[in-house]
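Be aware that the sequence shown starts at 4, since it is given in the numbering used here, and climbs by one per residue.
The next block holds one structure in the form of structure tokens; read it before the comments.
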Amino acid sequence: MCENCKRCEMPLARNGQRRKLWEIRPDMHCSILGTCLEHSELMKIAYQSGHIPDKDVTEYQVHSHFVQQAEEPGRPSRLMHKKLDQKYQTSVRTFGSAKTETELKKFWEESLEKGDVPGPFWALMSHPCLTESLLVQAFGEVHMLSHLNGATNHAKAKSLQNAKKALVKTKRQLILQSERRQSLINEHAGQIRELEQRLMIAEQKNRSVEEMSERLREFEKGDLYHTLARETEKLKTDLERAEQLRDDYAGRLDRQGGELSELKLEYAKAIKKIEVLNRLSARGGRNEDQPDDNTGPLADSKHEEIDLFGKSVAYVGGRAGTISNFRDLIENFNGNLLHHDGGIQDNMKSLTGVLSRADIVVCPIECVSHGACNKAKSYCRRAAKPFVPLRTTGVSSLMSGLKQAVEFDYELNRN
Numbered sequence: 004m005c006e007n008c009k010r011c012e013m014p015l016a017r018n019g020q021r022r023k024l025w026e027i028r029p030d031m032h033c034s035i036l037g038t039c040l041e042h043s044e045l046m047k048i049a050y051q052s053g054h055i056p057d058k059d060v061t062e063y064q065v066h067s068h069f070v071q072q073a074e075e076p077g078r079p080s081r082l083m084h085k086k087l088d089q090k091y092q093t094s095v096r097t098f099g100s101a102k103t104e105t106e107l108k109k110f111w112e113e114s115l116e117k118g119d120v121p122g123p124f125w126a127l128m129s130h131p132c133l134t135e136s137l138l139v140q141a142f143g144e145v146h147m148l149s150h151l152n153g154a155t156n157h158a159k160a161k162s163l164q165n166a167k168k169a170l171v172k173t174k175r176q177l178i179l180q181s182e183r184r185q186s187l188i189n190e191h192a193g194q195i196r197e198l199e200q201r202l203m204i205a206e207q208k209n210r211s212v213e214e215m216s217e218r219l220r221e222f223e224k225g226d227l228y229h230t231l232a233r234e235t236e237k238l239k240t241d242l243e244r245a246e247q248l249r250d251d252y253a254g255r256l257d258r259q260g261g262e263l264s265e266l267k268l269e270y271a272k273a274i275k276k277i278e279v280l281n282r283l284s285a286r287g288g289r290n291e292d293q294p295d296d297n298t299g300p301l302a303d304s305k306h307e308e309i310d311l312f313g314k315s316v317a318y319v320g321g322r323a324g325t326i327s328n329f330r331d332l333i334e335n336f337n338g339n340l341l342h343h344d345g346g347i348q349d350n351m352k353s354l355t356g357v358l359s360r361a362d363i364v365v366c367p368i369e370c371v372s373h374g375a376c377n378k379a380k381s382y383c384r385r386a387a388k389p390f391v392p393l394r395t396t397g398v399s400s401l402m403s404g405l406k407q408a409v410e411f412d413y414e415l416n417r418n
């Protein structure tokens, strides 16, 4: 924090009343609006306050405009304050029962552990008992969550986009193959019609030969007999060749049908991959809203059995007292635990060695250094290994992360 800067001073609460948006430190407005209000809500406030944005205005420009407006008690800032109070009235009511900094801090930490951030963050920033130290703590925690959530969502979106591109490519190949097959069918149909015509002609000639058989008996010693005999042999040869050609084309049609079946199978696999990514993205959103539980070392009664198939799990950070229980838990699920405390006692240089031996990397974001977390995440992105950020250091959070990684690998590889 800078010294003698009005933007960094903690404004005093008005007779114990909640702070208005424009009474909060100006350097907090960016974090508050970015965390608590969506772009569509800001656009609606813009129209209500008479600020009609240009058609090509970006989300960042809208955000920056309202961050500046929040410093003064004008119509835009009052509309924003009203919207925040209406949207998060439950959190404001809950935090309003806090009468001391200790009680306020307890409410905030419980909300953070549950993954409920926007409403509690607004209720905290506008509370009259908010102190400088608690403000700095909450701002830092929200800032780090925005980094981790942004990176995770970007990775999922990129994976989903790649799967969609692969699906489009497969569809195009299937269409081209179908067009080529139809072209071959048309070509073969024409050739078959031609062969049928030749066969019909040959049959007509054969009938002519039969009609002349009587006459041939009369002239079997003459030149006409020998001429007709040679012509008959030639027609038989032509007929055998025509039948062989027809069989060859039938074989080609069978092979084309097999290729088409393989393309259909690849198409089905691409569809399956998109369904897996969509389910895991949705499951990831739901897990973030559920509370964690750390009541037992194995939590057998609250989770399904997980088979890690001998994989090594690197746990970066966390609390030293829980590692022994986590090792027993992972070994019970046919896995192996590798631990690095994120640089508290272990040398940061040894982190790369731990990551290189791991198949899955998990990292509790509430109990790990920023540097260790970023290093683990960057390494996993380069090495194409699963990286799962855990919201807490509890058993439930670890189990959810392991289950997400194992189910993702299982559903992508089955069928």
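The C-beta atom is built at its ideal place from N, Cα and C for all residues, glycine as well.
Where residue i falls, given that 16 or more other Cβ within 10 Å makes a residue buried
i	result
P76	exposed
C366	buried
Q72	buried
A323	exposed
M31	buried
A317	buried
G338	buried
K239	exposed
F222	exposed
N313	Looking at the sequence shown, residue 313 is not Asn but Gly. Its Cβ having fewer than 16 others within 10 Å, G313 is exposed.
L133	buried
Q381	Note that residue 381 is Ser in the sequence shown here, rather than Gln. When all chains shown are included, S381 counts as exposed.
E369	buried
I333	buried
G320	buried
M402	buried
I55	exposed
R28	buried
A141	buried
L40	buried
L256	exposed
A232	exposed
Y91	buried
K305	Because the pLDDT at K305 is just 44, under 50, the model does not fix this residue reliably, and the point stays unresolved.
G288	Interpretation of G288 is limited by its pLDDT of 41, a score under 50 that renders its predicted location unreliable; no figure is taken from the coordinates.
Opening and closing residue of the beta strand (DSSP E) in which residue i lies
i	result
P392	390–393
C366	363–367
Rounded distance between the beta-carbons of residue j and residue i, thought under 8 angstroms
i	j	result
K388	A361	7 angstroms
T38	P121	5 angstroms
I48	L82	5 angstroms
T325	T395	11 angstroms between Cβ atoms; not a contact.
H419	S353	Residue coverage of the chain in this structure runs from 4 to 418, which leaves residue 419 outside it and unanswerable.
L311	F336	5 angstroms
V364	F390	5 angstroms
I35	W125	6 angstroms
R210	A245	At roughly 17 angstroms, the Cβ-Cβ gap does not stay under 8 angstroms, so R210 and A245 are not in contact.
S185	L266	Position check: residue 185 holds Gln in this sequence, whereas Ser was assumed. Between L266 and Q185 the Cβ distance is about 14 angstroms, and since that is not below 8 angstroms, they are no contact.
G404	V371	Rounded, the Cβ-Cβ distance is 13 angstroms, inconsistent with contact.
V409	I309	6 angstroms
L115	E144	6 angstroms
L137	K108	6 angstroms
Start and end residues, alpha helix (DSSP H) containing residue i
i	result
V371	It is not in any alpha helix (DSSP H) - V371 carries neither H nor E in the DSSP assignment.
S359	354–360
H42	42–51
L36	32–39
**Item:** Meets three-Cβ-pair contact criterion under 8 angstroms: the segment 60–67 and the segment 96–113
**Value:** They do not touch, by the three-pair rule.
**Asked** If we count Cβ pairs, one from each stretch, closer than 8 angstroms, do we get three or more for the segment 181–201 versus the segment 241–259?
**Response** They touch, by the three-pair rule.
**Prompt:** With contact counted as at least three CB pairs below 8 angstroms, one residue from each stretch, are the segment 168–181 and the segment 205–216 in contact?
**Reply:** Judged by pairs of C-beta atoms under 8 angstroms, the segment 168–181 does not touch the segment 205–216, as fewer than three such pairs exist.
**Asked** Taking only runs of the beta strand (DSSP E) that begin and end inside the segment 62–145, which ones reach a length of at least 3 residues, in chain order?
**Response** Runs of beta strand (DSSP E) with 3 or more residues, each lying fully within the segment 62–145, are absent.
**Request:** Determine contact between the segment 20–36 and the segment 123–137, defined as no fewer than three beta-carbon pairs at a distance below 8 angstroms.
**Result:** Counting C-beta pairs closer than 8 angstroms gives three or more between the segment 20–36 and the segment 123–137, which meets the contact rule.
**Asked** In the segment 302–341, which residue ranges form an unbroken alpha helix (DSSP H) of at least 4 residues, counting only runs that do not cross its ends?
**Response** DSSP runs (the alpha helix (DSSP H)) wholly in the segment 302–341: 323–335.
**Those runs of the alpha helix (DSSP H) which lie wholly inside the segment 200–257 and span at least 4 residues** = Along the length of the segment 200–257, whole alpha helix (DSSP H) runs at least 4 residues long occupy 216–221, reported in chain order.
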